[in-house]
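Inspection log for the structure reproduced underneath, given as C-alpha coordinates.
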Amino acid sequence: MRRIVLSLALVLPAGLAHAGEAAEPLRGLKVGVVDIVRVFDELEEKVDMNAELRQLEDKRSTRLRELGDRARDLEEKGKLLRADSQEAKDNSKLHEEALRELRSYRDATEDHLYNKLYDFTLAIYKKIRDEVQACAREAGYDIVLRTRDQEVGNVEQDLRPRTRYMELNRRIDAQSVLFHNPALDFTDVVIKRLNQKYQRAKAEKERFQPPKPPAPPEKDKGPDATKDAAK
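Residue 70 in our numbering is what sits at position 82 of the sequence shown, and the numbering runs on without skipping anything.
Take a look at the structure:
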(Lines of atoms letter the chains of each structure in order from A and count residues from 1; the text may use other names and numbers.)
(Lines give C-alpha, C1' and ligand atoms only; values in the text may rest on other atoms or scores of the structure.)
Protein backbone atom coordinates (compact mmCIF):
# COMPACT_ATOMS: atom_id res chain seq x y z
CA MET A 1 0.00 0.00 0.00
CA ARG A 2 2.86 2.38 0.81
CA ARG A 3 4.43 1.78 -2.61
CA ILE A 4 1.12 2.51 -4.37
CA VAL A 5 0.65 5.80 -2.56
CA LEU A 6 4.22 6.77 -3.29
CA SER A 7 3.87 6.02 -6.95
CA LEU A 8 0.74 8.19 -7.15
CA ALA A 9 2.59 10.98 -5.41
CA LEU A 10 5.26 10.76 -8.03
CA VAL A 11 2.89 10.60 -10.98
CA LEU A 12 0.47 13.41 -10.02
CA PRO A 13 2.98 16.27 -10.04
CA ALA A 14 4.15 15.23 -13.47
CA GLY A 15 0.58 15.17 -14.76
CA LEU A 16 -0.18 18.53 -13.25
CA ALA A 17 2.95 20.01 -14.69
CA HIS A 18 1.98 18.74 -18.12
CA ALA A 19 -1.53 20.20 -17.77
CA GLY A 20 -0.09 23.54 -16.75
CA GLU A 21 2.01 23.65 -19.91
CA ALA A 22 -1.03 22.96 -22.10
CA ALA A 23 -3.40 25.43 -20.40
CA GLU A 24 -3.78 28.99 -21.68
CA PRO A 25 -2.53 31.76 -19.39
CA LEU A 26 -5.26 33.05 -17.08
CA ARG A 27 -6.62 36.49 -17.89
CA GLY A 28 -8.05 38.97 -15.42
CA LEU A 29 -11.74 38.78 -14.52
CA LYS A 30 -13.72 41.47 -16.36
CA VAL A 31 -16.44 42.92 -14.12
CA GLY A 32 -19.28 45.31 -14.97
CA VAL A 33 -21.93 47.02 -12.86
CA VAL A 34 -25.50 48.15 -13.61
CA ASP A 35 -27.90 50.26 -11.55
CA ILE A 36 -31.19 48.43 -12.19
CA VAL A 37 -33.23 50.96 -10.22
CA ARG A 38 -32.04 53.78 -12.48
CA VAL A 39 -32.77 51.67 -15.54
CA PHE A 40 -36.35 51.19 -14.33
CA ASP A 41 -36.74 54.91 -13.59
CA GLU A 42 -35.45 56.11 -16.97
CA LEU A 43 -37.26 53.71 -19.29
CA GLU A 44 -39.71 55.36 -21.68
CA GLU A 45 -41.91 52.27 -21.46
CA LYS A 46 -42.32 52.92 -17.75
CA VAL A 47 -43.34 56.53 -18.43
CA ASP A 48 -46.09 55.35 -20.78
CA MET A 49 -47.19 52.66 -18.35
CA ASN A 50 -47.39 55.17 -15.50
CA ALA A 51 -49.58 57.41 -17.66
CA GLU A 52 -51.91 54.48 -18.36
CA LEU A 53 -52.06 53.59 -14.67
CA ARG A 54 -52.83 57.21 -13.75
CA GLN A 55 -55.79 57.17 -16.13
CA LEU A 56 -57.08 53.97 -14.56
CA GLU A 57 -56.54 55.37 -11.06
CA ASP A 58 -58.33 58.63 -11.93
CA LYS A 59 -61.29 56.69 -13.32
CA ARG A 60 -61.29 54.48 -10.23
CA SER A 61 -61.14 57.46 -7.85
CA THR A 62 -64.04 59.17 -9.63
CA ARG A 63 -66.21 56.07 -9.41
CA LEU A 64 -65.28 55.49 -5.76
CA ARG A 65 -66.31 59.06 -4.93
CA GLU A 66 -69.65 58.51 -6.66
CA LEU A 67 -70.29 55.27 -4.79
CA GLY A 68 -69.13 56.80 -1.51
CA ASP A 69 -71.38 59.83 -1.95
CA ARG A 70 -74.36 57.60 -2.65
CA ALA A 71 -73.71 55.54 0.49
CA ARG A 72 -73.34 58.70 2.60
CA ASP A 73 -76.52 60.20 1.18
CA LEU A 74 -78.45 57.07 2.10
CA GLU A 75 -76.91 57.11 5.56
CA GLU A 76 -77.90 60.74 6.10
CA LYS A 77 -81.37 60.07 4.78
CA GLY A 78 -81.77 57.19 7.24
CA LYS A 79 -81.06 59.53 10.14
CA LEU A 80 -84.10 61.59 9.21
CA LEU A 81 -86.48 58.64 9.01
CA ARG A 82 -88.37 56.95 11.80
CA ALA A 83 -86.40 53.86 12.74
CA ASP A 84 -89.49 51.62 12.82
CA SER A 85 -90.91 52.83 9.51
CA GLN A 86 -90.93 50.74 6.32
CA GLU A 87 -89.19 53.56 4.48
CA ALA A 88 -86.34 53.44 7.00
CA LYS A 89 -86.02 49.67 6.54
CA ASP A 90 -85.98 50.02 2.76
CA ASN A 91 -83.41 52.80 3.01
CA SER A 92 -81.25 50.71 5.33
CA LYS A 93 -81.30 47.89 2.80
CA LEU A 94 -80.28 50.26 0.02
CA HIS A 95 -77.50 51.63 2.22
CA GLU A 96 -76.10 48.15 2.84
CA GLU A 97 -76.23 47.38 -0.88
CA ALA A 98 -74.42 50.65 -1.64
CA LEU A 99 -71.68 49.80 0.87
CA ARG A 100 -71.27 46.31 -0.61
CA GLU A 101 -71.00 47.76 -4.10
CA LEU A 102 -68.43 50.29 -2.88
CA ARG A 103 -66.27 47.63 -1.20
CA SER A 104 -66.61 45.23 -4.12
CA TYR A 105 -65.60 47.87 -6.68
CA ARG A 106 -62.75 49.13 -4.51
CA ASP A 107 -61.26 45.66 -3.99
CA ALA A 108 -61.75 44.49 -7.58
CA THR A 109 -60.17 47.58 -9.13
CA GLU A 110 -57.30 47.52 -6.64
CA ASP A 111 -56.57 43.90 -7.57
CA HIS A 112 -56.74 44.83 -11.26
CA LEU A 113 -54.23 47.66 -10.83
CA TYR A 114 -51.79 45.52 -8.88
CA ASN A 115 -52.10 42.68 -11.39
CA LYS A 116 -51.16 45.10 -14.16
CA LEU A 117 -48.25 46.38 -12.06
CA TYR A 118 -47.09 42.82 -11.41
CA ASP A 119 -47.21 41.82 -15.07
CA PHE A 120 -45.52 45.04 -16.19
CA THR A 121 -42.75 44.89 -13.58
CA LEU A 122 -42.00 41.25 -14.37
CA ALA A 123 -41.92 41.90 -18.12
CA ILE A 124 -39.67 44.95 -17.71
CA TYR A 125 -37.29 43.11 -15.39
CA LYS A 126 -36.90 40.29 -17.93
CA LYS A 127 -36.15 42.83 -20.66
CA ILE A 128 -33.54 44.52 -18.46
CA ARG A 129 -31.98 41.19 -17.50
CA ASP A 130 -31.80 40.04 -21.13
CA GLU A 131 -30.32 43.37 -22.26
CA VAL A 132 -27.71 43.30 -19.48
CA GLN A 133 -26.74 39.77 -20.50
CA ALA A 134 -26.52 40.77 -24.18
CA CYS A 135 -24.34 43.80 -23.37
CA ALA A 136 -22.14 41.69 -21.11
CA ARG A 137 -21.56 39.06 -23.79
CA GLU A 138 -20.76 41.68 -26.42
CA ALA A 139 -18.32 43.51 -24.13
CA GLY A 140 -16.76 40.31 -22.77
CA TYR A 141 -17.78 40.76 -19.14
CA ASP A 142 -17.35 37.69 -16.94
CA ILE A 143 -19.67 38.94 -14.19
CA VAL A 144 -22.08 41.86 -13.75
CA LEU A 145 -22.92 43.23 -10.31
CA ARG A 146 -25.99 45.20 -9.35
CA THR A 147 -25.12 48.62 -7.95
CA ARG A 148 -27.20 51.36 -6.35
CA ASP A 149 -26.87 55.05 -5.63
CA GLN A 150 -24.42 55.07 -2.74
CA GLU A 151 -25.98 58.19 -1.17
CA VAL A 152 -28.22 56.66 1.50
CA GLY A 153 -28.66 59.62 3.87
CA ASN A 154 -31.03 61.72 1.76
CA VAL A 155 -34.18 60.28 3.34
CA GLU A 156 -37.20 62.60 3.30
CA GLN A 157 -37.19 64.87 6.33
CA ASP A 158 -40.98 64.97 6.69
CA LEU A 159 -41.22 61.24 7.44
CA ARG A 160 -41.82 60.06 10.98
CA PRO A 161 -38.55 59.24 12.82
CA ARG A 162 -39.30 55.51 12.92
CA THR A 163 -40.12 55.46 9.20
CA ARG A 164 -36.97 57.42 8.34
CA TYR A 165 -34.88 55.01 10.41
CA MET A 166 -36.40 51.96 8.71
CA GLU A 167 -35.93 53.53 5.27
CA LEU A 168 -32.28 54.26 6.06
CA ASN A 169 -31.73 50.64 7.10
CA ARG A 170 -33.44 49.43 3.93
CA ARG A 171 -31.15 51.56 1.78
CA ILE A 172 -28.06 50.36 3.62
CA ASP A 173 -29.13 46.72 3.24
CA ALA A 174 -29.61 47.29 -0.50
CA GLN A 175 -25.97 48.35 -0.96
CA SER A 176 -24.23 45.37 -2.54
CA VAL A 177 -21.30 47.26 -4.13
CA LEU A 178 -19.58 49.82 -1.91
CA PHE A 179 -17.09 50.99 -4.54
CA HIS A 180 -16.52 50.57 -8.25
CA ASN A 181 -14.60 52.31 -10.97
CA PRO A 182 -17.08 54.40 -13.00
CA ALA A 183 -15.62 52.88 -16.15
CA LEU A 184 -17.19 49.55 -15.17
CA ASP A 185 -20.73 51.00 -15.17
CA PHE A 186 -22.71 50.42 -18.37
CA THR A 187 -26.13 51.47 -17.03
CA ASP A 188 -26.48 54.22 -19.65
CA VAL A 189 -25.85 51.73 -22.44
CA VAL A 190 -28.64 49.47 -21.19
CA ILE A 191 -31.08 52.40 -20.87
CA LYS A 192 -30.29 53.69 -24.36
CA ARG A 193 -30.65 50.30 -26.02
CA LEU A 194 -33.92 49.47 -24.26
CA ASN A 195 -35.43 52.86 -25.09
CA GLN A 196 -34.43 52.51 -28.74
CA LYS A 197 -36.06 49.07 -28.91
CA TYR A 198 -39.21 50.40 -27.28
CA GLN A 199 -39.39 53.36 -29.68
CA ARG A 200 -39.12 51.02 -32.67
CA ALA A 201 -41.76 48.64 -31.28
CA LYS A 202 -44.07 51.54 -30.45
CA ALA A 203 -43.72 53.05 -33.92
CA GLU A 204 -44.39 49.66 -35.52
CA LYS A 205 -47.50 49.18 -33.37
CA GLU A 206 -48.83 52.63 -34.22
CA ARG A 207 -48.21 52.00 -37.92
CA PHE A 208 -50.56 49.02 -37.94
CA GLN A 209 -53.23 50.56 -35.73
CA PRO A 210 -56.24 51.94 -37.62
CA PRO A 211 -56.37 55.74 -37.51
CA LYS A 212 -58.88 57.26 -35.14
CA PRO A 213 -61.96 58.64 -36.89
CA PRO A 214 -62.07 62.44 -36.93
CA ALA A 215 -64.31 64.09 -34.40
CA PRO A 216 -67.65 65.19 -35.87
CA PRO A 217 -67.76 68.92 -36.58
CA GLU A 218 -69.77 71.01 -34.18
CA LYS A 219 -72.98 72.39 -35.58
CA ASP A 220 -72.90 76.13 -36.00
CA LYS A 221 -76.03 77.36 -34.30
CA GLY A 222 -76.91 80.65 -35.89
CA PRO A 223 -79.71 82.99 -34.86
CA ASP A 224 -82.34 80.82 -36.54
CA ALA A 225 -81.18 77.67 -34.80
CA THR A 226 -81.21 79.44 -31.46
CA LYS A 227 -84.69 80.66 -32.13
CA ASP A 228 -85.85 77.14 -33.05
CA ALA A 229 -84.28 75.73 -29.90
CA ALA A 230 -86.07 78.34 -27.80
CA LYS A 231 -89.34 77.18 -29.22
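Even for Gly, the Cβ is constructed at its ideal location relative to N, Cα and C. Computed from a prediction, not measured in an experiment: that's the story for all the values here.
Per DSSP, reduced to three states, the secondary structure at R181 is helical.
In chain order, L156 place their CB closer than 8 Å to the CB of G141, counting only its own chain and leaving out the 5 sequence neighbours on each side. Between I160 and L31 the beta-carbon gap is near 26 Å, outside 8 Å, which marks them as no contact. Taking every protein chain shown into account, the CB of G16 has fewer than 16 other CB atoms within 10 angstroms, so this residue is exposed. For Q187, the closest C-alpha among the options N38, E33, I24 and D118 is that of E33. Under the three-state reduction of DSSP output, G20 falls in the strand class. Excluding sequence positions up to five before and after S164, its CB lies within less than 8 Å of the CB of L133, R134, T135 and R136, all in the same chain and listed in chain order. In this structure the stretch 144 to 155 does not touch the stretch 168 to 176; the number of beta carbon pairs closer than 8 Å is below three.
DSSP places R134 within a strand segment (E or B) once states are collapsed to three.
With the rule of 3 Cβ pairs closer than 8 Å, the stretch 117 to 125 does not count as touching the stretch 71 to 85.
Per DSSP, the unbroken alpha helix (DSSP H) holding V120 starts and ends at Q74 to A127. Taking the Cβ atoms as the reference, L52 lies roughly 7 Å from Y93, within the contact range of under 8 Å. Cα atoms of G66 and K77: separation of roughly 9 Å, rounded to the nearest angstrom. The C-alpha of A127 is placed about 39 Å away from the C-alpha of L101.
For D173, the three-state secondary structure derived from DSSP is strand. Taking C-beta separations shorter than 7 Å and ignoring five residues to either side along the sequence, the partners of R48 in its chain run T97, following chain order. In the three-state reduction of the DSSP assignment, S164 falls in the coil class. The shortest CA-to-CA distance from I116 to any of A59, L182, D36 and E192 is the one to L182. Shortest Cα-Cα distance from A39 to any of L105, N79, R26 and V22 involves L105. Counting every other CB atom within 10 Å of its CB across the protein chains shown gives Y129 a total of 16 or more, marking it as buried. DSSP places D36 inside the alpha helix (DSSP H), whose first and last residues are E32 to K67. Cβ contact annotation for K18 (same chain, cutoff 7 Å, sequence separation greater than five): G128, Y129 and D130, in chain order.
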